[in-house]
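First up is the structure itself, then whatever we jot down about it.
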Amino acid sequence: MAPTRSLLAALVAMLGSARALLRVGRLSCQPNTFATRASVFLNSEQATASVLTPRKVRQSRLNVRIDDKWYDLTEWRVAHPAGTHWIDAYNNSDATEVMYGFHSQTALNMFKRLPQSRAPPTGVGPPTQATYAFRALRQRLVDEGWYKPQLWGETKKLLPWAAALATGVALARTAAGRGPLRAFLGVLFLGSANTLAGWLSHDFVHGRSSWASNMRGFGELVGGMSTTWWSNKHNMHHALTNEVGYDEDIALDPFLYLWEPDPKNDVPWLRRWQHVFWPVPYSILFLYWRIDSIRFVLKHKKWNEAARLAIHWAAFSALVPAHLLFFSIWLSGLLTATIVTVTHQSEEIFFGENLRKYDFVEAQFRSTRNAKCNNPISNMLWGGMQWQLEHHLFPTMPRYRYPAVSKELQRFAEENSLDYRITGEFKIIADNVALLKKLATAEQVAGNPRSDPIFKQV
Numbered sequence: 022m023a024p025t026r027s028l029l030a031a032l033v034a035m036l037g038s039a040r041a042l043l044r045v046g047r048l049s050c051q052p053n054t055f056a057t058r059a060s061v062f063l064n065s066e067q068a069t070a071s072v073l074t075p076r077k078v079r080q081s082r083l084n085v086r087i088d089d090k091w092y093d094l095t096e097w098r099v100a101h102p103a104g105t106h107w108i109d110a111y112n113n114s115d116a117t118e119v120m121y122g123f124h125s126q127t128a129l130n131m132f133k134r135l136p137q138s139r140a141p142p143t144g145v146g147p148p149t150q151a152t153y154a155f156r157a158l159r160q161r162l163v164d165e166g167w168y169k170p171q172l173w174g175e176t177k178k179l180l181p182w183a184a185a186l187a188t189g190v191a192l193a194r195t196a197a198g199r200g201p202l203r204a205f206l207g208v209l210f211l212g213s214a215n216t217l218a219g220w221l222s223h224d225f226v227h228g229r230s231s232w233a234s235n236m237r238g239f240g241e242l243v244g245g246m247s248t249t250w251w252s253n254k255h256n257m258h259h260a261l262t263n264e265v266g267y268d269e270d271i272a273l274d275p276f277l278y279l280w281e282p283d284p285k286n287d288v289p290w291l292r293r294w295q296h297v298f299w300p301v302p303y304s305i306l307f308l309y310w311r312i313d314s315i316r317f318v319l320k321h322k323k324w325n326e327a328a329r330l331a332i333h334w335a336a337f338s339a340l341v342p343a344h345l346l347f348f349s350i351w352l353s354g355l356l357t358a359t360i361v362t363v364t365h366q367s368e369e370i371f372f373g374e375n376l377r378k379y380d381f382v383e384a385q386f387r388s389t390r391n392a393k394c395n396n397p398i399s400n401m402l403w404g405g406m407q408w409q410l411e412h413h414l415f416p417t418m419p420r421y422r423y424p425a426v427s428k429e430l431q432r433f434a435e436e437n438s439l440d441y442r443i444t445g446e447f448k449i450i451a452d453n454v455a456l457l458k459k460l461a462t463a464e465q466v467a468g469n470p471r472s473d474p475i476f477k478q479v
């Protein structure tokens, strides 16, 4: 694997400047700062989940509730395939929806064999009636076959990506000496193909069918990102959406502030213009993720993923002129970041007394808004993320089921006094820009937290 490691190391160096830009002013997430930073986000007086440092794990028991039973995972946490941070994040709290939302049937059959708690925590309230109603709804959808993939549905997802990629490569390869329009169109189609590849990779990582498992390597070969790295990061966003200290998708300061900053964490001259320059940090997204992916696979010795990443870069570098490839990744970052952020960032963000306050179901309704797309091109480019609430509540369900399941979810929301939110695709973007503008001149608030995640992979 020496050539693979050399190629990937070179790519890290090449893209290092973009990562450096994004890291300016950010605090590092080193293990020796873990306990200090955790205390910033957690209120010990609340009966909410409490993060455990390695020392605390050895001194106390780690209890997690699933299906109204408490399990003692103190000795088992290190064996969790996705890492100990998942178990630690759910200490003394309910993880039922996360368990069923992200695990295969094999894993679901295994967890009941875990040791039950001899001394369950006290002071933790029971799930809400809405949560019990959601569990019944989810089980009904499973029984009725909503989670099973369809051949034509999967084919329809692949066709737009393949067409956009073929067109983009053809235009980019023949752009030299043919004028700027052909180069621009090449970048436009390549960028769109990259965004569509991102949604496909996203689907294959979430999916629990044999088809999804077989296609998992698509993320490295075509998307250019480590599927293991992305899965760990993205699933935390799913599980604890808009929870400050957990959700990396809202960890944007000092470039973008989504709530009033503490004076010591503020950069006023930069914040003043965030509603103007927001496309710049968004467009760096895919470059940033590619750097993290390479560092992750090298650090954790994921050599199969490393080999696929090397093939990705070698193939695309051979097929597409380097400058057009770079601009297409830049454009794709802007498209993707805009789509994935606008459905959350203008909704409730949880910190202080609201951190880990709500059950999973209510928290998703409070932190998520769907987008109503107005034309077939938008529907294609959004990749199912216009049905963001459906996706967060049913992450392993094929996306082509979301329009139909949305009707089920609207009825559920009405029956359980929950707010089902949907806004037009351009209005939701405008609302996000308006929020950035409002916060650009908002008064500082002493004690408000930074956005740095407690758990960081690289």
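In my numbering, the protein residues as written are 22 to 479.
Even for Gly, the Cβ is constructed at its ideal location relative to N, Cα and C.
Residue(s) in a DSSP beta bridge with lysine 90 | Ile87
Residue range of the alpha helix (DSSP H) that lysine 323 falls in?
-> Neither: lysine 323 is in no alpha helix (DSSP H) and is coded neither H nor E.
Touch test, the segment 324 to 341 against the segment 244 to 259, Cβ-Cβ under 8 Å, three pairs minimum | Yes, since at least three Cβ pairs between the segment 324 to 341 and the segment 244 to 259 fall closer than 8 Å, the two stretches touch.
Along the chain, where does the alpha helix (DSSP H) that runs through alanine 100 open and close?
-> It is not in any alpha helix (DSSP H) - alanine 100 carries neither H nor E in the DSSP assignment.
Could you have a look at lysine 169 and say whether DSSP puts it in helix, strand or coil?
-> It is coil, neither helix nor strand.
Taking Cβ positions only, does valine 243 come closer than 8 Å to chain C?
-> Given the protein chain composition of this structure (a single chain), no chain C is represented.
Would you decide whether arginine 390 is buried or exposed? Buried here means 16 or more other CB atoms lie within 10 Å of its CB.
-> Counting every other CB atom within 10 Å of its CB across the protein chains shown gives arginine 390 a total of 16 or more, marking it as buried.
Minimum C-alpha distance to alanine 227 - residue among Leu206, Ser213, Met257, Gly200 = The sequence given here places histidine at residue 227; alanine does not occur at that position. For the residues Leu206, Ser213, Met257, Gly200, the minimum Cα distance to histidine 227 belongs to Met257.
Three-state secondary structure (DSSP) at aspartate 270?
-> helix
From the DSSP output, which residues share a beta bridge with alanine 492?
-> The question about residue 492 has no answer here: the residues shown for the chain are numbered 22 through 479.
In the DSSP assignment, what are the bridge partners of glutamate 264?
-> Phe371
Would you say the segment 125 to 142 touches the segment 398 to 412, given that touching needs at least three Cβ pairs under 8 Å?
-> A contact between stretches requires three or more CB pairs, one per stretch, nearer than 8 Å, and the segment 125 to 142 fails this requirement with the segment 398 to 412.
Please report the Cβ distance between glutamate 368 and asparagine 215, rounded to the nearest whole angstrom; I am assuming they are in contact, meaning their Cβ atoms lie under 8 Å.
-> Rounded, the Cβ-Cβ distance is 27 Å, inconsistent with contact.
Near leucine 456, which residues of its chain fall below 6 Å by C-beta distance, leaving aside the five closest residues on each side in sequence?
-> For leucine 456, same chain residues with a beta-carbon under 6 Å away, outside a window of 5 residues either side, are Ser367 in chain order.
Own chain partners of isoleucine 182 with C-beta closer than 7 Å, once the 5 adjacent residues on each side are dropped | A small fix is needed here, since residue 182 is tryptophan in this sequence, not isoleucine. The answer, listed in chain order, is Ala214, Leu217, Ala218, Leu221.
With respect to the alpha helix (DSSP H) encompassing glycine 244, which residues constitute its N-terminal and C-terminal limits?
-> Per DSSP, glycine 244 lies in no alpha helix (DSSP H) and is assigned neither H nor E.
Report all residues from its chain with a CB closer than 7 Å to the CB of glycine 468; omit the five preceding and five following residues, and keep chain order.
-> These residues qualify, in order along the chain: Asp283.
Keeping to the same chain, check which residues put their C-beta closer than 6 Å to that of proline 75; ignore five residues upstream and five downstream.
-> Unreliable positioning characterises proline 75 in this predicted model, as indicated by a pLDDT of 45, which lies under 50. The coordinate reading is nonetheless provided below. Within the same chain, no residue comes within 6 Å of proline 75 by CB-CB distance, once the 5 residues on both sides are set aside.
Selection from Lys323, Phe337, Leu277, Arg442 that minimises the alpha carbon distance to alanine 463 | Here the closest residue by C-alpha is Leu277.
Identity of the residue in Leu352, Asn253, Thr417, Ala116 nearest phenylalanine 476 by Cα | With distances taken between CA atoms, phenylalanine 476 lies nearest to Asn253 out of Leu352, Asn253, Thr417, Ala116.
Please say whether phenylalanine 205 and threonine 188 have beta carbons closer to each other than 8 Å?
-> no
Glutamine 126, DSSP secondary structure in three states | helix
Pairwise C-alpha distance: alanine 140 and glycine 354 | 48 Å
Could you tell me whether the segment 110 to 124 touches the segment 373 to 383, where touching means 3 or more Cβ pairs closer than 8 Å?
-> yes
Answer with buried or exposed for glutamine 51, where buried requires no fewer than 16 other C-beta atoms within 10 angstroms of its C-beta.
-> In this prediction, glutamine 51 scores a pLDDT of 34, lower than 50, which makes its location untrustworthy; the coordinate-derived value is nonetheless stated afterwards. Looking at its Cβ environment, which holds fewer than 16 other Cβ atoms inside 10 Å, glutamine 51 is exposed.
DSSP three-state assignment for serine 472, whether helix, strand or coil | coil
Would a C-beta distance cut-off of 8 Å place aspartate 270 and threonine 364 closer than the cut-off?
-> In this structure, threonine 364 does not lie closer than 8 Å to aspartate 270 by Cβ.
What is the DSSP secondary structure of serine 114, counted as helix, strand or coil?
-> strand
Is glutamine 465 helix, strand or coil by DSSP?
-> DSSP places glutamine 465 in coil when its eight states are reduced to three.
What residue ranges within the segment 151 to 218 form continuous alpha helix (DSSP H) runs of no fewer than 4 residues, ordered along the chain?
-> 172 to 194
Label histidine 212 either buried or exposed according to how many other C-beta atoms from any shown protein chain fall within 10 Å of its C-beta, with 16 as the threshold for buried.
-> Correcting the residue identity first, residue 212 is glycine in this sequence and not histidine. Per the 10 Å Cβ criterion, buried.
Rounded to whole angstroms, how far is the Cβ of proline 419 from the Cβ of glycine 174, which I believe are closer than 8 Å?
-> The C-beta separation of proline 419 from glycine 174 comes to about 6 Å, placing the pair in contact by the 8 Å criterion.
Thinking just about the alpha-carbon of each residue, which of Gln150, Ile108, Tyr121 is nearest to the one in asparagine 437?
-> Among Gln150, Ile108, Tyr121, the Cα nearest to that of asparagine 437 belongs to Gln150.
When the distance is taken between beta carbons, is valine 341 closer than 8 Å to valine 190?
-> Yes. Within cutoff.
Within the segment 275 to 301, ranges of the beta strand (DSSP E) (whole runs, at least 3 residues) | none
Note the first and the last residue of the continuous alpha helix (DSSP H) segment covering arginine 432.
-> In this chain, the alpha helix (DSSP H) harbouring arginine 432 covers 423 to 436.
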